[in-house]
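Counted the way full-length UniProt numbering counts, the sequence shown spans residues 1 to 536.
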Amino acid sequence: MTRGVLGLLAKNISPPNLSIMQDEGFTVARVRTELLSGLTVALALVPEAVAFAFVAGVHPLVGLYAAFLVGLITALIGGRPGMISGATGALAVVMVALVADHGVEYLFATVVLMGILQVIAGVMHWGKFIRLVPHPVMLGFVNGLAIVIFLAQLTQFKQPGSNGEQWLAGPQLLMMLGLVVLTMVIIWGMPKLTKVIPAPLAGIGITAIIVIAFGLDVPRVGDMASIEGGLPMFHIPMVPLDWATLQIILPYAVILAAIGLIESLLTLNLVGEITGKRGGASQECIAQGTSNIVTGFFGGMGGCAMIGQSMINVNSGGRTRIAAIAAALFLLLFIVAASPLIEQIPLAALVGVMFMVVIGTFAWNSFKIMTKVPLTDAFVIVLVTVVTVMTDLAIAVVVGVIVSALAYAWNNARRIHAITRDSVSEQGAKVYEIQGPLFFGSTDGFIELFDIENDPDVVIVDFAASRVVDQSALQAIEALAGKYAAAGKALQLRHLSRDCHQLLSKAGHLMVDSDDDPEYGLAVDYSVKTGILGGH
C-alpha cells in the first residue's frame with residue numbers, strides 16, 4: 001500500500017521551479033530592488049499581523065510568527081515569485097470562534113490539519129479548478145478586497161475611550177489625515193524623481209522621520225502592541241489525539257483550507273496578470289499547505305496569500321523569490337532585535353501605503369466595463385464585491401461562480417432548437433437536426449421540438465450540431481423514444497460525437513454499437529432502448 005501511495009505522489013507531483021531569480025537577471029540593481037521591496041513589505045506586514053491576531057483572539061506574536069513562517073516557506077517553494085503570504089483577516093474571522101470556545105492549542109492543531117488538506121489539494125492538482133472562476137468574479141474579488149483593505153485601515157483612526165473605541169477628532173484627526181496624505185503624495189511623486197528606492201518605503205521613511213524628529217503625538221505601531229519576542233519555538237499542539245478532537249477541528253480546517261486556497265489562487269492569478277507569468281497553481285497549494293503545517297507546530301495562526309502586501313511588493317519592483325524571502329527575514333529581525341525602532345513608525349504612514357494599494361488594486365475600469373457587458377456579468381461583479389465586503393472571500397467566490405454557472409446554463413438552455421426536413425437516405429422518414437446542447441436545462445425545450453402525433457413512422461434525430469451532455473439528456477432521449485414507441489413509431493439517432501456515443505453506450509441506450517458514426521466516416525442510425533432510466 002505504501003508503494004502505491006508513493007507511486008501516486010510521484011505521478012502527481014511535477015518538479016517545481018524553485019529558482020531564486022526565475023527569469024530575472026542576477027544583477028546588483030535587481031538584488032537591491034528586491035531587498036528594498038522586501039523591507040517595505042515587512043514594514044506593512046507588522047500592523048496587519050498584529051491586527052489579525054487581535055481579531056482571532058490570540059497574542060500578537062502568534063500573528064507575527066505566522067506572517068514570518070508562512071511568508072518564508074511560500075517564498076521559497078511557492079508557485080508565483082512576487083506573491084506575499086502571511087496572517088490574513090479572511091482566516092482570522094473564522095478562527096475567532098474556535099479560539100473562544102476551545103483555546104489556542106486547538107487553533108494550532110487546526111492549522112496543521114488545514115495545511116495537510118491543502119497539500120492534498122496540491123498533490124491532486126485541484127488548484128486547476130480555479131480556472132472555473134469567471135472574469136466578472138475576479139473583478140468582484142479585486143474590488144471587494146480593495147474595499148475590505150480600505151475599511152480595515154479606518155480602525156487606525158480610532159482610539160480607546162470611556163465608551164469603547166472613539167473616532168479621532170480635532171487636531172489629532174487633522175494630524176493623522178495630514179500624515180496619511182503626505183505619505184500618499186510621496187508614493188505618487190517619488191517614481192517621477194527616482195526609482196532607486198521603492199516609493200512606499202520612501203513614504204514610510206520620510207513620514208516616520210518627520211514624526212520622530214518633531215515629536216508629533218500620533219498613533220504608532222507600538223500603541224497597538226509590543227512586537228518584541230524571540231525565535232519561534234517548536235511546539236506540538238497540546239490537544240488530545242482522539243476522535244472528539246478531530247470532530248472539533250475538522251470543520252474549521254476544511255473551511256480555513258478552502259478560504260486560504262481560494263484567496264491564494266486568485267491572488268496568484270492577479271499577480272500573474274501583472275508580471276505576465278502563468279502556472280504554478282498546484283505548486284502554490286503545496287507551498288501554502290506546507291507553510292501552515294510548519295506554522296501550526298511553531299505557534300503560528302496560519303495564513304495565506306495577502307493581496308495588499310503582494311501589490312506593494314509588485315508595485316515596488318519585486319519580481320523574484322528574494323523580495324518575499326527578505327520580507328520574512330526582515331519581519332523576524334523586527335521581532336527579535338529591532339522592535340523598539342519599528343514600534344516608533346507612525347500608523348499614518350502605513351495607512352497611507354495601504355490607501356495607495358487600495359487605489360491601485362480597485363478595478364476602476366469595471367464601472368466602464370459594466371455598461372458594455374451582459375447584464376448578468378455586471379450583476380455578478382457587483383454581487384461578488386458586496387458579498388466579499390459583507391461576509392468573506394470564499395462565500396463571495398462560490399456565490400459568484402454559482403450565479404455565473406446558472407446564467408450560462410440558462411443561456412444555453414434557450415439555444416436549443418431543431419431544423420426539420422425529409423430524410424434523403426431513408427424514404428418517408430423525417431429528420432430533426434438538433435441545434436444547441438442537450439443537458440438538464442434544455443430537456444424540456446428538447447421534448448417540445450417534436451410533433452409525435454403528426455410525424456411519420458420513422459423519425460431520425462441528427463446530433464451533428466448538438467451534444468448529449470448529462471443524465472438528464474439521457475432521460476429526455478429515453479422519454480422521447482418511449483413516446484414514439486407508444487405511438488407505434490421508431491426513433492433513431494444519427495451523427496453522435498464520440499463522447500455522446502460513449503455516454504449513450506454506457507447507459508445502454510444504443511441498440512447498435514459502431515465506431516463509424518463518432519468519426520462521421522459512415523452515418524449510422526441508432527435505435528434507442530427504453531425502460532433503462534425510467535424504472536418502470
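Just so it is clear, CB atoms sit at the ideal spot from N, CA and C, and this is done for glycine as well. The model shown is predicted, which means the values in this text are computed figures rather than measured ones.
Applying the criterion that 16 or more other CB atoms from any shown protein chain within 10 Å of the CB defines a buried residue, is Gly531 buried or exposed? Note on Gly531: under 16 other CB atoms within 10 angstroms of its CB, so exposed under the neighbour-count rule.
Within 9 Å, strictly: CB atoms of Glu284 and Gly103: no
Helix, strand or coil for Ile416, going by three-state DSSP, please let me know. coil
Starting from Glu433, follow the beta strand (DSSP E) in both directions and report where the run begins and ends. Lys430 to Gln435
Closest residue to Leu268 among Gln288, Val254 and Pro251 (Cα-Cα distance): Gln288
Figure out for me which residue from Ala66, Val336, Val459 and Val397 has the closest Cα to the Cα of Glu426. Considering only alpha carbons, the answer is Val459.
Span of the alpha helix (DSSP H) holding Ala146? His135 to Gln153
So what does DSSP say about Lys277, is it helix, strand or coil? coil
Per-residue DSSP class, three states only, for Lys483: Helix.
Whole-angstrom Cβ separation of Val351 and Gln153, contact assumed at under 8 Å? Distance from Val351 to Gln153 at the Cβ level is roughly 5 Å; contact confirmed, criterion being Cβ atoms closer than 8 Å.
Unbroken alpha helix (DSSP H) runs of length 4 or more, entirely within the stretch 368-401: which are they? 375-390
If I follow the unbroken alpha helix (DSSP H) through Leu45, where does it start and stop? In the DSSP assignment, Leu45 falls within the alpha helix (DSSP H) that extends over Val28 to Ala56.
Between which residues of its own chain and Thr385 is the CB-CB distance below 6 Å, once the five residues before and five after are set aside? Gly140, Asn143 and Gly144
Can you tell me the Cα-Cα spacing of Ile452 and Trp410, whole angstroms? 26 Å
So, under 8 Å CB-CB, Ser310 and Met83 are touching, yes? Tell me the CB distance rounded to an integer number of Å. 5 Å
Beta-carbon separation of Leu347 and Met224 under 9 Å? yes
Rounded distance between the beta-carbons of Ala90 and Gly300, thought under 8 Å: The pair is not a contact, with the Cβ atoms about 16 Å apart (cut-off 8 Å).
Quick check: Val99 and Gly57, are their CB atoms within less than 9 Å of each other? yes
With DSSP run on the structure shown, which of helix, strand or coil describes Asp422? strand
Mind checking which residues open and close the beta strand (DSSP E) that includes Phe463? Looking at the DSSP string, the run of the beta strand (DSSP E) that includes Phe463 is Val458 to Ala465.
So for Asp515, helix, strand or coil by DSSP? Residue placement at Asp515 is poorly supported in this model, since its pLDDT is 44, which falls under 50; the coordinates are not used for a value here.
Looking only at C-alpha atoms, which of Trp188, Ala490 and Ile249 sits nearest to Val353? Trp188
Using three-state DSSP, classify Ser339 as helix, strand or coil. helix
Option nearest Ile312 by Cα separation, candidates Val271, Leu151 and Val50: With distances taken between CA atoms, Ile312 lies nearest to Val271 out of Val271, Leu151 and Val50.
Would you mind stating whether Ala476 and His495 have Cβ atoms separated by less than 9 Å? Contact check for Ala476 against His495 fails: the beta carbons are separated by 9 Å or more.
So Ala281 and Ile130 are supposed to be a Cβ contact under 8 Å. How far apart are they, rounded? 6 Å
Check whether Leu151 and Ala349 have beta carbons under 9 Å apart: no
In three-state terms, what does DSSP make of Glu165? If DSSP states are grouped into helix, strand and coil, Glu165 belongs with the strands.
Counting only the same chain and skipping the five closest in sequence on each side, list residues whose C-beta sits under 7 Å from that of Ser47. Note that residue 47 corresponds to Pro in the displayed sequence, not to Ser. Counting only Cβ-Cβ distances below 7 Å, and skipping sequence neighbours, we find Val221, Met224, Leu347 and Leu350.
Give me, in chain order, the residues of the same chain whose beta-carbon lies closer than 7 Å to that of Ala75; leave out the 5 immediate sequence neighbours on both sides. Arg321, Ala324, Ile325 and Ala328
Please determine, among Phe379, Ala53 and Thr27, the residue with the shortest C-alpha to C-alpha distance to Gly400. Looking at the Cα atoms, Phe379 is the closest of the given residues.
Does DSSP classify Val449 as helix, strand or coil? Reading off the sequence shown, one finds Leu at residue 449, where the question assumed Val. Coil.
With a threshold of 16 other CB atoms inside 10 Å of the CB of Ile293, please say whether the residue is buried or exposed. buried
Nearest-angstrom Cα distance between Asn412 and Leu493? 22 Å
Per-residue DSSP class, three states only, for Pro171: In this structure, DSSP gives Pro171 a helical state, which the three-state scheme calls helix.
Bounding residues of the alpha helix (DSSP H) (the contiguous stretch that carries Leu107): Val104 to Val123
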